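Colleague: Counting with this note's numbering, you get residues 77 to 469 for the letters of the sequence shown. One structure, pasted below without further comment.
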Amino acid sequence: MSNSESRTIRAAIVIGSTRRRSWLTNWQRHQEFVSRIAGRVPTLYVCLGVTRNKSFEDVLRRILARRTRSVRRVPLTGCSEGIEFVDMPGVPIRDIQPWRRLNSVLLNRRIARWLSEQGCKSSEALLWIGIPTDYALDAVLEFGDAFSVYDVAQIYSESQHLGSSVTGTESTLLESVDLILADSKVVAKSLGQSAPAAVIVPQGVDVELFRPSRRVRREGVVGYLGSENQAFDARLMREVVGALPAVRFELAGDFDSSWESANVHVLGPVAHSELPIILGAWSVGIVPYKLNAFTAGVLPTKVLEYRAAGLPVVSTGLDALRGMGWPGIHYADDTRAFAREIEAGIMKGSNEEPDWSWLDAQSWDARFESIERALQTQGVHLPADKGHRSDCA
77 MSNSESRTIR AAIVIGSTRR RSWLTNWQRH QEFVSRIAGR VPTLYVCLGV
127 TRNKSFEDVL RRILARRTRS VRRVPLTGCS EGIEFVDMPG VPIRDIQPWR
177 RLNSVLLNRR IARWLSEQGC KSSEALLWIG IPTDYALDAV LEFGDAFSVY
227 DVAQIYSESQ HLGSSVTGTE STLLESVDLI LADSKVVAKS LGQSAPAAVI
277 VPQGVDVELF RPSRRVRREG VVGYLGSENQ AFDARLMREV VGALPAVRFE
327 LAGDFDSSWE SANVHVLGPV AHSELPIILG AWSVGIVPYK LNAFTAGVLP
377 TKVLEYRAAG LPVVSTGLDA LRGMGWPGIH YADDTRAFAR EIEAGIMKGS
427 NEEPDWSWLD AQSWDARFES IERALQTQGV HLPADKGHRS DCA
């Protein structure tokens, strides 16, 4: 853990996901915050267990080129100009001792070398952690004078991919980092009473993407944006589809052809830039998620995107979502109630103009500003967004 002296961050190291195939889908929060950090200081992105591919770089390039108040165009190459990606060094058997320890040593050496190349001390670095892996914890402990941030966006101990395997790691990580962010009070509470208080930074929305859009509604079209993941309630979805045979449902995401039917159309994965067109054609946006210990901490980004497209939202009663008190969301936990709320949304129509002033307050820019305020309370400052200095000085 770093000391409390005031410092200006001059470089950032991001320990990335262990499982993501690209920069898309569930990790939009991660990409939005990291891209804004990269607009301020040179950034090293360590890909754990991920080999970079074209889609990863293409999406990041688009994000960094997006014209928002705090994101500037930065190239992917040249660490003094933006983000430098590195794959996890070491042997491919990463989760078996002693190989894991060897890989951790190699990774930390790579980070130290990169900082040296920037002419920066580790005490001038920001270490950003998104998933509680052993490698992330080892980096926090190795670079103890860096300012470390753990951004928690779900209850990892309940994840089917990570689960109990991360409990011990996360517990130590919570005791070791300098700042904890949580996307909801539910997630913050799940960290336990012994964990330091987390700063609540909810999910956000790319307001500028939706603001200029011209929505062309198709009457009676209900849409779901996402994938058939751990949170998705396939049984509820199929029952609702069966209960509303006259309603057209569109699934925008990673769904197989078995979902196709007389009133269900699979659109497939949708590029982020296409969301205003896709969502703008719907009448209602839905979140048919399971209700369990994992989804209690899920705060879907899609809800704000639905609202930015002017859609009423029908969702199961996710604890984190209910706790936000966001407008325009109707909750239903069983098939009959869910279908009834969808019908009510269609009948009401969705021609209302989005509440842009409210949405501006939920934007990713606004969320990042709250992160900066949290950093500043601990004497940590990011440079103004005026471009990277070639000498990192």
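Even glycine gets a Cβ: it sits at the ideal position worked out from N, Cα and C. None of these values were measured; they are calculated from a predicted model.
To which residues of the same chain is I354 closer than 6 Å at the C-beta, ignoring the five residues directly before and after it?
Modeller: If we look at I354 and ignore the five residues flanking it on each side, its Cβ neighbours are A328 and V346.
Colleague: Buried or exposed for N490, going by 16 or more other Cβ atoms inside 10 Å?
Modeller: Missing from the structure shown is residue 490; the chain here goes from 77 to 469 and no further.
Colleague: Check R149 in the structure and name its three-state DSSP category.
Modeller: Summary for R149: the model assigns pLDDT 28, below 50, so the residue's position carries little reliability; its value from the coordinates is reported in the next sentence. In the structure shown, R149 sits in coil (DSSP, three-state: anything other than H, G, I, E or B).
Colleague: Using a threshold of 8 Å, state whether the C-beta atoms of L217 and I447 are closer than that.
Modeller: Taking 8 Å as the Cβ cut-off, L217 and I447 do not qualify as a contacting pair.
Colleague: Please classify S224 as buried or exposed, where buried requires at least 16 neighbouring CB atoms within 10 angstroms.
Modeller: That one is buried.
Colleague: Under a Cβ-count criterion, where at least 16 other Cβ atoms within 10 Å of its own Cβ denotes burial, should T84 be classed as buried or exposed?
Modeller: When all chains shown are included, T84 counts as exposed.
Colleague: Below 8 Å, can you find three or more Cβ-Cβ pairs linking the stretch 320 to 327 to the stretch 376 to 391?
Modeller: Taking 8 Å as the limit for Cβ pairs, the verdict is that the stretch 376 to 391 does not touch the stretch 320 to 327.
Colleague: Between the alpha carbons of H57 and G280, how many angstroms are there, rounded?
Modeller: This structure cannot settle anything about residue 57, because the visible part of the chain is limited to 77 through 469.
Colleague: Count the other CB atoms, across all protein chains shown, that sit within 10 Å of the CB of P151; report buried if there are 16 or more and exposed otherwise.
Modeller: Low per-residue confidence applies at P151: pLDDT is 30, beneath 50, and the placement is therefore not dependable, though the value from the model is reported in the following sentence. Exposed is the call here.
Colleague: Kindly indicate which three-state DSSP category S82 falls into: helix, strand or coil?
Modeller: Three-state result, S82: coil.
Colleague: Just checking: is the beta-carbon of G329 within a distance shorter than 8 Å of some beta-carbon in chain C?
Modeller: Checking the listed chains, one finds no chain C in this structure; it contains a single protein chain.
Colleague: Check F159 in the structure and name its three-state DSSP category.
Modeller: First, the residue type needs correcting, since residue 159 is Ile and not Phe in the sequence shown. Strand, per DSSP.
Colleague: Report yes if the C-beta distance between Y365 and F308 is below 8 Å; otherwise report no.
Modeller: Taking 8 Å as the Cβ cut-off, Y365 and F308 qualify as a contacting pair.
Colleague: If you measure between the beta carbons of L191 and Y226, is that distance less than 8 Å?
Modeller: No, these two residues do not count as a Cβ contact at 8 Å.
Colleague: Would you be able to state if there are at least three C-beta pairs under 8 Å between the stretch 441 to 459 and the stretch 260 to 277?
Modeller: With the cut-off at 8 Å, the stretch 260 to 277 and the stretch 441 to 459 touch.
Colleague: Just reading off the beta strand (DSSP E) that K407 is part of, what are its end residues?
Modeller: The question names Lys, but residue 407 is Tyr in the sequence shown. I405 to Y407 is the span of the beta strand (DSSP E), which, as asked, contains Y407.
Colleague: Distance check for G206 and G399, CA to CA, integer angstroms please.
Modeller: Distance between the alpha carbons of G399 and G206 is about 23 Å.
Colleague: Quick one: grab the DSSP three-state call for V283.
Modeller: Reduced to three states, the DSSP call for V283 is helix.
Colleague: Just how far apart, CA to CA, sit A372 and E193?
Modeller: Using only the alpha carbons, I get a separation of about 43 Å.
Colleague: Given a cut-off of 8 Å on the beta-carbon distance, is the pair V283 and L435 in contact?
Modeller: Yes; because the gap between Cβ atoms is below 8 Å, this pair is in contact.
Colleague: Taking Cβ positions, are L312 and T411 nearer each other than 8 Å?
Modeller: Yes, the Cβ-Cβ distance between L312 and T411 is below 8 Å.
Colleague: Classify I139: buried if its beta carbon has 16 or more other beta carbons within 10 angstroms, exposed otherwise.
Modeller: Low local confidence applies: a pLDDT of 49 at I139 is under 50, so the model's placement there is unreliable, and no value is given.
Colleague: Closer than 7 Å by C-beta to G393: which residues in its own chain qualify, once you throw out the five before and the five after it? Chain order, please.
Modeller: L367, Y407 and D409, listed in sequence order.
Colleague: For the alpha helix (DSSP H) containing D214, list its first residue and its last residue.
Modeller: Residues D210 to E218.
Colleague: Mind checking G421: buried by the 16 CB within 10 Å criterion, or exposed?
Modeller: With 16 or more other Cβ atoms within 10 Å, it is buried.
Colleague: Applying the criterion that 16 or more other CB atoms from any shown protein chain within 10 Å of the CB defines a buried residue, is R189 buried or exposed?
Modeller: That one is exposed.
Colleague: Who are the Cβ neighbours of S198 in its own chain at under 7 Å, not counting the five residues just before and after it?
Modeller: So the qualifying residues of the chain are L191, F219, D221 and A222.
Colleague: Ignore the nearest five residues each way along the sequence and tell me which others in I418's own chain have a CB closer than 6 Å to its CB.
Modeller: The residues are V298, V360 and V390.
Colleague: Taking the CB atoms as reference points, tell me whether L120 and E160 lie closer together than 8 Å.
Modeller: Yes, the Cβ-Cβ distance between L120 and E160 is below 8 Å.
Colleague: Excluding the five sequence neighbours on either side, which residues of its own chain have a C-beta within less than 6 Å of the C-beta of T453, listed in chain order?
Modeller: Result list for T453: empty, nothing under 6 Å.
Colleague: Can you tell me which of the three DSSP states A372 falls into?
Modeller: Reduced to three states, the DSSP call for A372 is helix.
Colleague: What's the gap between the Cα of N339 and the Cα of R314?
Modeller: If you take the alpha carbons of N339 and R314, they lie about 11 Å apart.
Colleague: Going along the chain, which residues of its own chain have a beta-carbon closer than 8 Å to the beta-carbon of V162, five neighbours each way excluded?
Modeller: Closer than 8 Å at Cβ, skipping near neighbours: L120, Y121, V122, C123, R186 and W190.
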